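To start, the structure itself, in structure tokens.
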Amino acid sequence: MKGTRFLLIACLAALLLVAACTTTTSKATYDVGILYTKGTGPMPTLLATNQIDGYIAWQPFVEVAPVANIGKVISYSGNLPPDDRWKNHPCCVLTSRTDFMSSNPVFVDDMGVATILGTQYLNAHEAEAADITADWLAGKGNFTYGNITVSSVDILERSFPTVKFVNEPSEQWMAGQLEFVYALRELGTINGKLRNTTDIETKALLFDTGPYNQAMAMINTSSITVPPVMPNPIGVGYLLSDHHASLFVAVKKWQYFNDTYGIALKPEDPTATRPDLVDLMVKGKKVATLKLVPADAGPQLMQLAATNAIQMAYVGNPPAISAIDQGTPLKILMALNNEGSGVVVSEASPATDWNSFVLWAQQRAAAGNPIKMAAPGKGSIQDVMLRYSLEESGLSVKEVQA
Amino acid sequence: MRRPLGIILPLLILVVWEIAARLIGNQFILPRLETVVPVLLSPATDILGTGSLLHNAAVSLIRVGAGFLVAIAIAVPLGIGMGWSPRLDAFADTTVQLFRPIPPLAWGPLAIAWFSVGLNSMVFIIFLGAFFPILLNTIDGVRGVKKTWVEVARTLGASEGQVLAKVVLPGAAPTIWTGLRVGFGIAWMCVIAAEWLPGTTSGLGYLTLYAYNFGQMHFIIAGMITIGIIGIAFDLLFRSVEDRWFAWRGSER
Chain U
33 MKGTRFLLIA CLAALLLVAA CTTTTSKATY DVGILYTKGT GPMPTLLATN QIDGYIAWQP
93 FVEVAPVANI GKVISYSGNL PPDDRWKNHP CCVLTSRTDF MSSNPVFVDD MGVATILGTQ
153 YLNAHEAEAA DITADWLAGK GNFTYGNITV SSVDILERSF PTVKFVNEPS EQWMAGQLEF
213 VYALRELGTI NGKLRNTTDI ETKALLFDTG PYNQAMAMIN TSSITVPPVM PNPIGVGYLL
273 SDHHASLFVA VKKWQYFNDT YGIALKPEDP TATRPDLVDL MVKGKKVATL KLVPADAGPQ
333 LMQLAATNAI QMAYVGNPPA ISAIDQGTPL KILMALNNEG SGVVVSEASP ATDWNSFVLW
393 AQQRAAAGNP IKMAAPGKGS IQDVMLRYSL EESGLSVKEV QA
Chain H
3 MRRPLGIILP LLILVVWEIA ARLIGNQFIL PRLETVVPVL LSPATDILGT GSLLHNAAVS
63 LIRVGAGFLV AIAIAVPLGI GMGWSPRLDA FADTTVQLFR PIPPLAWGPL AIAWFSVGLN
123 SMVFIIFLGA FFPILLNTID GVRGVKKTWV EVARTLGASE GQVLAKVVLP GAAPTIWTGL
183 RVGFGIAWMC VIAAEWLPGT TSGLGYLTLY AYNFGQMHFI IAGMITIGII GIAFDLLFRS
243 VEDRWFAWRG SER
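Residue numbers (my numbering), protein chains in the order written: chain U, 33 to 434; chain H, 3 to 255.
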């Protein structure tokens, strides 16, 4: 009895030893480590405390690093290698649960109208839209980084030109989405409905451009259809990023849209900087209450959509693709923005652009101390692009822990 | 004498903090006092569009109050039952012990699926945090009531209901109150964590997490200090009630 116990403990110890050895030996088998931080929140702190060498994030968190003097932007996502590969890459999308769409088609079309009008307005009034977004995200407050204090309006004005606000679900845009599907398959994060589909099948599962076409028709003929009054509040998720500025503009400029187009997302508390209850007004009449649900990252929103806690969501495309893959009854209706992410490295890094970054990464890998980059989540747009670009530049990538 | 003595350590911490912050010179590791103090001194000023410290503290307190009351409403009667009836205790104890070690926040995903985003799921998580300390203390309190008291009451002809209402409940009250005090402290910790759930737009927990997104450490620390101050204020409140009503504890025979 005593002998067996001793043998067991010895085996366990041996196992642990082997495990420990394999972890240490595998350390040098990659060039760049990627750390997932579940959103952008921890990135500036990790960078400022030398726990990572850089990060890839969505705006405005790319601009935080240069403003806080803790890092520099070496590339915005549209310029990542290979040449033109990521130019106009799709990013965030408007989604809806399919059961909700089929029972409330006009409401979903009208949400499309409000979103498209918001996009049109912000493209025509970029400075004002940056101002509105700074108000939504930070109450136009100041950010303080040690001795540096900077206005959130300035940060948003820096980040806005790096985001392309578009809504059309064009063929080219869909092709870009398919690229993400391939990338997610390679990463192994797609293993459900979309695992073996052809491109045509994938598109049929992912997209429903009906609401976009309906919305455009309504805008072009200047006649907005009034949906039936909805008794219960509708949950609409979004991310706290300037990528979703069309929603912020639609809400904050509701009076303008109401007067000009007869459709508006009117905040119930007009003094709130970040309203959470807004009314969909069509032709001066309230037809529904929307509960706006912010989240730190797309997967959280998709979890809410899967449990029907929200019915529509402004969200990044990979979380939407993954949710559909896993069987959430969801469709992507239209684009919200293209591009809008960026790669940041620490202030101490010798890198100034992508090429010098690759050189630096090679040197660090050769010295047995590979650089560590943070990405918001496995399979996120940022993760996919960073991995792809690194591998394209001849650098191998591995997920690492802090 | 106790109060002034208790002030010395926090003051010392402040001094060490400021010296350390100056030496480190990295606001992400430790922001300097002068960035945090102004935030605390103007608690009615809006922070990053999330509302003021006062506003968010009030929001968090309302949530914690709701969850705490639900916990009392369920845990105290159940605890009295389990403490009084060995059969009910045998029936429920295994389940209680099974659920007790699960951190309330682990229920987050289920809470959102069951109670939808917002107040209800947060109240559920706060309820879970407060529930177990109140329950266990209530059971303990009821069991700890001196047998002689109960027997005397019975000998004098008290009915079962009278024994429970006139002897057991008052006798268990101090321990139940301790349970409430501990439960409130845990509920207060839980509200901060519950406000990290998606869909939250206010509260001290949300405020600290939101400030984190922009690396605004001075707001985070100001939020943490506010959380601590409110926690200590409520603990003092519970203690002063304890001193006034239950001072007899320890002097009984």
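Glycine is no exception: its CB is placed at the ideal position from the N, C-alpha and C atoms.
Note that this is a predicted model, so its numbers are computed, not measured.
Check, Outcome
"Kindly indicate which three-state DSSP category Phe30(H) falls into: helix, strand or coil?", "coil"
"Under 9 Å, Cβ to Cβ, is there at least one residue of chain H near Gly269(U)?", "yes"
"Can you check whether the C-beta of Tyr177(U) is within less than 9 Å of a C-beta belonging to chain H?", "yes"
"Who are the neighbours of Arg118(H) on chain U, taking C-beta pairs under 7 Å?", "Going by the sequence as given, residue 118(H) is Ser instead of Arg. The answer, in chain order, is Ala341."
"Quick check on DSSP: helix, strand or coil for Phe248(H)?", "coil"
"Should Thr321(U) be flagged as near chain H, meaning a C-beta pair shorter than 9 Å?", "no"
"Classify Met84(H) as helix, strand or coil using the three-state DSSP reduction.", "helix"
"Can you name the start and end residues of the beta strand (DSSP E) that Thr127(U) belongs to?", "124-129"
"By the DSSP assignment, the alpha helix (DSSP H) with Tyr208(H) in it spans what residues?", "206-215"
"Three-state secondary structure (DSSP) at Lys168(H)?", "helix"
"Report the three-state DSSP secondary structure of Asp142(H) (helix, strand or coil).", "helix"
"Sorted by chain position, which residues of the same chain lie with C-beta nearer than 8 Å to Val169(H)'s C-beta, five sequence neighbours on each side aside?", "Val147, Trp151, Val152, Ala155, Ala160"
"Please state whether DSSP places Trp286(U) in a helix, a strand or coil.", "helix"
"Select from Tyr87(U), Leu126(U), Thr81(U) the residue whose C-alpha is nearest the C-alpha of Ala277(U).", "Leu126(U)"
"Could you list which residues in chain U have their beta carbon closer than 7 Å to that of Thr203(H), in chain order?", "Arg306, Asp308, Pro326"
"Quick one: is Pro76(U) near chain H, going by C-beta distance under 9 Å?", "yes"
"In whole angstroms, give me the CA-to-CA distance for Gly374(U) and Met226(H).", "32 Å"
"On a Cα-Cα basis, can you pick out the residue from Ile15(H), Leu50(H), Leu55(H) that is closest to Gly171(U)?", "Leu50(H)"
"Could you spell out the range, first to last residue, of the alpha helix (DSSP H) harbouring Gly208(U)?", "203-219"
"If we count Cβ pairs, one from each stretch, closer than 8 Å, do we get three or more for the stretch 141-149 of chain U versus the stretch 293-302 of chain U?", "yes"
"Below 9 Å on C-beta distance, what does Ala59(H) contact in chain U?", "None at all; the shortest Cβ gap to chain U is about 17 Å."
"Helix, strand or coil: how does DSSP classify Ile222(U) here?", "coil"
"Comparing the C-beta of Thr301(U) with each C-beta of chain H, is any distance below 9 Å?", "The amino acid at residue 301(U) is misidentified as Thr; the sequence shows Asp. It does not; no Cβ of chain H falls within 9 Å."
"What are the residues in the stretch 214-241 of chain H lying within 9 Å of chain U by C-beta distance?", "Tyr214, Asn215, Phe216, Gly217, Gln218, Met219, His220, Phe221"
"Between which two residues does the alpha helix (DSSP H) holding Thr229(U) run?", "Where Thr229(U) is concerned, there is no enclosing alpha helix (DSSP H), given that its DSSP letter is neither H nor E."
"If you scan the stretch 306-337 of chain U from start to end, which runs of the beta strand (DSSP E) of 3 or more residues do you find wholly inside it?", "309-314, 317-327"
"Using the Cα positions of Glu248(H) and Val310(U), report the straight-line distance between them to the nearest angstrom.", "Checking the sequence shown, residue 248(H) turns out to be Phe, not Glu. Their Cα atoms are separated by approximately 50 Å."
"With 16 as the cutoff for other CB atoms within 10 Å, does Gln433(U) come out buried or exposed?", "exposed"
"Identify each residue in the stretch 99-125 of chain U for which the Cβ-Cβ distance to at least one residue of chain B is less than 8 Å, and report them in chain order.", "In the structure shown, chain B does not exist; the protein chains are U and H."
"Is the separation between the beta-carbon of Thr151(U) and that of Phe192(U) shorter than 9 Å?", "no"
"In or out: Val377(U) buried (at least 16 other Cβ within 10 Å) or exposed?", "buried"
"Hey, would you say the C-beta of Gly110(H) is under 8 Å away from at least one heavy atom of the ligand ADP?", "This structure does not include the ligand ADP; it has no bound ligands of any sort."
"Taking C-alpha atoms, which residue in Met334(U), Lys285(U), Ile342(U), Ala393(U) lies nearest to His157(U)?", "Lys285(U)"
"Is it right to say Asp131(U) is buried, meaning 16 or more other beta carbons lie within 10 angstroms of its own, or is it exposed?", "exposed"
"Count the other CB atoms, across all protein chains shown, that sit within 10 Å of the CB of Ile15(U); report buried if there are 16 or more and exposed otherwise.", "Not covered by the structure: residue 15(U). The range shown for chain U is 33 to 434."
"Rounded to whole angstroms, what's the CA-CA distance from Ser421(U) to Gln414(U)? Just pull it up for me.", "11 Å"
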